[in-house]
Amino acid sequence: MANLTARQSIQQQRDRQRRQKNIVTIVAFLILVGAWIFGRLNSGSDVTPFIQDVLPQAERIEQGSQGLFTGYATQNGTEQVVGYAMTGTATGYGGPMLLLVGTDVDGNIIGTSIIEHGETPNFFGQLDRQDYYDQFFGANYSDALYLGEDIDGVSGATLSSEAVAQSIRQAVRGIASAAIDGAQVPPDQRPVKFGAPEVALIALFVVSFFLHRLKRQPTLKKYGRWLILLSGLFILGFVFNKPFTLSNVITLLSGYWPDWHTNLYWYLLVGGIILVTSIQGKNPYCSWFCPFGAAQEVLGSISGAKPYQPRQLYSKLRWVQRALSFTAIVLGLAMRQPGAASYEPFGTLFNLQGSWPQWVMLVMVLLGSLVIYRPFCNYLCPLDPVVDYIGEIRRWVKNVWRQKNKTNVSISSKPS
């Protein structure tokens, strides 16, 4: 009788915890939806104050159809058209980007202005520091304006460079179509960008997937994992600087997906994590080839760092991690600035770019890695709770599927 009462008490406690977890999940979902709606309603900027920046010679601006602005100035006693302006949009590393482009009457670019963007400030600032925009001045609507052809990208800010080029190309060709008589606008034939980063990422996914499934060869699995870890550290981290960050998640949730022709890596990375986690139940990226996780693990292996999981604090620390991740996602959705909400010091380590709080965090994490096994991954990384949520959905689907099969078997086994 006592055992039955104890089992009932344990079951009641589990049911209570399950109900509390369901309530928290529903409330969190509603908050995310609210943040998404708030960000959507408050998105968009008035471009009128920026027109004079891209058409400096214009004395009067007239707004027409198709988003076209026409600039006029008095020349030889008569008012004449001196240029046009139009906006272009694209999705960069941190979300949507809006640019205003001005041209002369022949469709040659004479000015550009960034209206809004969601890129990480330190990385986006590289475009200004390396005079990236200067190469667009004088370019015509008939020019290709593709990175690698007639435009040079900026190392460490490739996705931002791509988005700027795409926005400018869209705007200048829009001007040609709307304002220049007889303009022969070339088709937008964006080449699919598939190269070394994409090949390396696919290889890491495939090898880690099969190594993870090894059960009877622990030695091969152990050394294979270290090979993958070091490959992720040097290839995805130091060589290409293309880690998975919270910006990817917020961009995905915001619905601002980058153009797949020039951002195939983004789709392979995000899609690969979701797909493999859904199939395998384990996140291959974080535990096998995350560059920042690998850096912590390498330092920990040198000093013999051990996992820190105190009984009284571990669950609370995990909830702090979830709260930080959730808050960052809510802010990113509400502000429509995924890059600004991401607080990981990945770029600070691999590209030596970051704000002073990121530098402080990086130093603390690296020093902590000598004592505690993967301290950032276990207690601060905002991506771990996100991937855990994917795993929860997987488990829920499996449970529903099993329950459905049990019900069908039970019905079919009943005598007719």
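Position one of the sequence shown corresponds to residue 1 (UniProt numbering), numbered consecutively onward. Even glycine gets a Cβ: it sits at the ideal position worked out from N, Cα and C.
Item	Value
Inter-residue Cα distance where the pair is residue 106 and residue 155	32 Å
Straight-line Cα distance separating residue 347 from residue 240	11 Å
Touch test, the segment 316–333 against the segment 392–400, Cβ-Cβ under 8 Å, three pairs minimum	no
DSSP three-state assignment for residue 405, whether helix, strand or coil	helix
Under 8 Å between C-beta atoms of residue 100 and residue 50	yes
Cβ shell of residue 152 (< 7 Å), same chain only, five flanking positions each side left out	135
Chain-order list of residues whose beta-carbon lies under 6 Å from that of residue 62 (same chain, five-residue window excluded)	70
Environment of residue 137 [buried if 16+ CB atoms lie within 10 Å]	exposed
Three-state secondary structure assigned by DSSP to residue 70	strand
Given 8 Å, three or more beta-carbon pairs between the segment 300–308 and the segment 181–199	no
One or two residues paired with residue 120 in a DSSP bridge	DSSP output for residue 120 lists no bridge partner at all.
Cβ-Cβ distance between residue 145 and residue 162 below 8 Å	no
Any 3 or more C-beta pairs closer than 8 Å across the segment 65–79 and the segment 358–365	no
Same chain only: Cβ atoms within 7 Å of residue 150, ignoring 5 sequence neighbours per side	143, 144
Paired residues, beta bridge with residue 111 - DSSP	102
Beta strand (DSSP E) segment containing residue 81, residue limits	78–92
Beta-carbon proximity list for residue 194, same chain, < 8 Å, skipping 5 on both sides	264
Sheet register partners of residue 62 (DSSP bridge)	70
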